[in-house]
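Visitor: The numbers in the working numbering rise by one with no breaks, and the one at position 286 of the sequence shown is 287.
In this text, a Cβ means the ideal position worked out from N, Cα and C, and glycines have one as well.
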Amino acid sequence: MPRNVREALILLVLLLDALGCGVVTPVLPTLVLGLSGNEAAAGRDIGLLNATYAAALFLFSPIQGRLSDRFGRRPFILLGLMGGLAHYVTAALTPSLWLLFAARLLGGLCGANAAAANAYMADIVPPDRRTAMFGCMGAAFGLGLGLGPGLGGLLGGLDPRLPFWMAAALTGTTAILGWVLLPESLQPAARRTLDWTAANPLAPFLSRRQTATAHDLLAGIFLYVAGQTALQTTWVLFLRQSLGWGAAEVGLSLTVLGLVWGVAQLGLTPLVTRHLGDGRALLLGLTMTIVAYTLYGFVQEGWQLYAIMAGTAVAFVTGPTAQGVLSRQAPPGRQGELQGLATSITSLGAIAGPILGGASFSYLTDPEGSMALPGGAFLVSALLSLMTLGFAIRALSRERRQQGGMAGGDGGLMEVRLASALDHNGNGR
Numbered sequence: 002m003p004r005n006v007r008e009a010l011i012l013l014v015l016l017l018d019a020l021g022c023g024v025v026t027p028v029l030p031t032l033v034l035g036l037s038g039n040e041a042a043a044g045r046d047i048g049l050l051n052a053t054y055a056a057a058l059f060l061f062s063p064i065q066g067r068l069s070d071r072f073g074r075r076p077f078i079l080l081g082l083m084g085g086l087a088h089y090v091t092a093a094l095t096p097s098l099w100l101l102f103a104a105r106l107l108g109g110l111c112g113a114n115a116a117a118a119n120a121y122m123a124d125i126v127p128p129d130r131r132t133a134m135f136g137c138m139g140a141a142f143g144l145g146l147g148l149g150p151g152l153g154g155l156l157g158g159l160d161p162r163l164p165f166w167m168a169a170a171l172t173g174t175t176a177i178l179g180w181v182l183l184p185e186s187l188q189p190a191a192r193r194t195l196d197w198t199a200a201n202p203l204a205p206f207l208s209r210r211q212t213a214t215a216h217d218l219l220a221g222i223f224l225y226v227a228g229q230t231a232l233q234t235t236w237v238l239f240l241r242q243s244l245g246w247g248a249a250e251v252g253l254s255l256t257v258l259g260l261v262w263g264v265a266q267l268g269l270t271p272l273v274t275r276h277l278g279d280g281r282a283l284l285l286g287l288t289m290t291i292v293a294y295t296l297y298g299f300v301q302e303g304w305q306l307y308a309i310m311a312g313t314a315v316a317f318v319t320g321p322t323a324q325g326v327l328s329r330q331a332p333p334g335r336q337g338e339l340q341g342l343a344t345s346i347t348s349l350g351a352i353a354g355p356i357l358g359g360a361s362f363s364y365l366t367d368p369e370g371s372m373a374l375p376g377g378a379f380l381v382s383a384l385l386s387l388m389t390l391g392f393a394i395r396a397l398s399r400e401r402r403q404q405g406g407m408a409g410g411d412g413g414l415m416e417v418r419l420a421s422a423l424d425h426n427g428n429g430r
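Here you go:
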């Protein structure tokens, strides 16, 4: 099969997979609310559900990646899709909260097949084209996540479980396409023996070879992702309680947010970095992130929400510029090590953020509590972003002292993969 056809198949798999993820986003809180009993408990449970997914992803991604080096990519891509199908069907039929947790755990385990998909593309694409192709993969995933919530909101208006059936249908279709059309990419001669020490998710944290600047940036990434996923966890609940929105309105808000993100990533990032450089663009993006999260916390009308999205769109340059700065902290031969550490840090932030966001929303909306501030969880995200800004300033100061300026750099493959993690964490199955 021609290489360009195989590339297109992987992109189609990612697009349909992400579309399935996005479809269920606006209705998951409705499903949880029906099982939890009240908004405060639902906020806590949604946080734990998202953390369960992220924890499974953190634990199983290195294992699946290592197994795919031994047995090939195709089996684990297909296994992940079939497991995702089982996850959506279980969620659609679940009569209890514990079974929904089990489905979410299965979704995280199967979502780890992204490592095999990335490796598949690396197998078939020449090194000089990999950065561009991983950018296409990120765009395909982002498109699915942007379109999915709008469709999910429309279907959820009919029945909150209907989007899960749609996601199951999309994932099942993708699995069939992959089974029939997708060939193996890793030839038997290139396969490696199993080395379980390399599959240890804690292994990257044992390395002491990173610079102090890299440590500051990684600490900032953890806080940034925690704040981002805390906001994502409570977004739907906040709009339901503060604005009285249903699934259709919430889905539309997520679609618009995804489109603003896409325009900012493709249009604003090159423009801002060309005029300011990666470092100053990172500080600008974080400052606008703090402003956006703070303003979201006090939204009382729908038009205000959309005005904040448009007015603070430059906040979306934060992810790519953070990756650009981080990529300068290791030579080419150690980019993979730094990437692994950054991915692990991102996963840990995606575990902590939903728990913190869900707990904050639960506490600040508890009918028996002393405070009633549904947007308070967004203020927590703003605080975490402010702490991120502090680490970023210190990291850039260190780099300036060490290198005499904030020169640009080419992050290559590491930047693209970290971009996907930073921009899409918490939006898994």
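1) Cα separation between A92 and I291?
2) Where does R418 fall in DSSP's three states?
3) Have a look at T212 and T288 and give me their C-alpha separation to the nearest angstrom.
4) State the DSSP-derived secondary structure class of L272, mapped to helix, strand or coil.
5) Whose C-beta lies closer than 7 Å to the C-beta of F223 among residues of the same chain, with five residues either side of it excluded?
6) Look up T26 in the DSSP assignment and say whether it is helix, strand or coil.
7) Taking 8 Å as the cut-off, decide whether the C-beta atoms of A507 and Q65 are in contact.
8) I need the straight-line Cα distance from G320 to A168, nearest angstrom please.
9) By Cβ distance, which residues of its chain are closer than 6 Å to G221, with the 5 residues on each side in sequence left out?
10) Based on Cα-Cα distance, which residue from L178, G376, L159 and L17 lies nearest to V300?
11) Between the segment 9-24 and the segment 158-174, do three or more beta carbon pairs fall short of 8 Å?
12) Nearest-angstrom Cα distance between I125 and E8?
13) Is it the case that the Cβ atoms of L86 and T95 are separated by a distance below 8 Å?
14) Could you give the residue range of the alpha helix (DSSP H) that holds L267?
15) In whole angstroms, what is the alpha-carbon distance linking N428 and G268?
16) Under a three-way DSSP split, which group does L187 fall into?
17) Going by DSSP in three states, S292 sits in which element: helix, strand or coil?
18) Taking DSSP as the reference, what is the three-state secondary structure of N51?
19) Can you check the segment 341-400 for any beta strand (DSSP E) of at least 3 residues that lies completely inside it and give the ranges in chain order?
20) Give the secondary structure of E302 by DSSP, where H, G and I count as helix, E and B as strand, and everything else as coil.
21) Indicate the three-state DSSP secondary structure (helix, strand or coil) for L13 in the structure shown.
22) What's the C-alpha gap between Q336 and A123?
23) With DSSP collapsed to three states, give me the class of M407.
24) Relative to the alpha-carbon of Q233, which residue among L16, G358 and G263 has its alpha-carbon at the smallest distance?
25) Spell out a yes or no on whether the segment 171-188 and the segment 70-89 are touching, meaning 3 or more CB-CB pairs, one atom from each, closer than 8 Å.
26) Please go through the same chain and pick out, in chain order, the residues whose beta-carbon is closer than 8 Å to the beta-carbon of A282, but skip the five residues on each side of it.
Guide: So, from the listed chains and residues:
1) In a straight line, the C-alpha of A92 is about 35 Å away from that of I291.
2) Residue confidence is low: R418 scores 39 on pLDDT, short of 50, so the model does not pin down where it sits. No coordinate-derived value is stated.
3) Between the C-alpha atoms of T212 and T288 there is a straight-line separation of about 25 Å.
4) DSSP places L272 in helix when its eight states are reduced to three.
5) In chain order, I346, L349 and G350 place their CB closer than 7 Å to the CB of F223, counting only its own chain and leaving out the 5 sequence neighbours on each side.
6) Coil, per DSSP.
7) Nothing about residue 507 can be read from this structure; the chain reaches only from 2 to 430.
8) Computed Cα separation, rounded: 28 Å.
9) Excluding positions up to five away in sequence, the list reads T389, F392 and A393.
10) The candidate whose alpha carbon is nearest that of V300 is G376.
11) Yes, since at least three Cβ pairs between the segment 9-24 and the segment 158-174 fall closer than 8 Å, the two stretches touch.
12) The alpha-carbon atoms of I125 and E8 are separated by roughly 8 Å.
13) No, these two residues do not count as a Cβ contact at 8 Å.
14) Run containing L267: none; DSSP gives neither H nor E here.
15) Interpretation of N428 is limited by its pLDDT of 46, a score under 50 that renders its predicted location unreliable; no figure is taken from the coordinates.
16) DSSP places L187 in coil when its eight states are reduced to three.
17) The sequence given here places Val at residue 292; Ser does not occur at that position. V292 sits in a helix when the DSSP states are folded into three classes.
18) Reduced to three states, the DSSP call for N51 is helix.
19) Listed in chain order, there is nothing to give.
20) E302 falls in the coil class under three-state DSSP.
21) Annotated three-state conformation of L13 is helix, per DSSP.
22) Residue placement at Q336 is flagged as unreliable, the pLDDT there being 49, under the threshold of 50; a coordinate-derived value is accordingly withheld.
23) Its pLDDT being 40, under 50, M407 is placed unreliably in this model, and the value from its coordinates should be taken loosely. The answer is coil: DSSP assigns M407 none of H, G, I, E or B.
24) Out of L16, G358 and G263, G358 has the C-alpha closest to the C-alpha of Q233.
25) Verdict: yes, contact present.
26) Leaving aside the five residues that flank A282 on each side, the residues in its chain whose CB is nearer than 8 Å to its CB run, in chain order, T270, V273, T274, V318 and T322.
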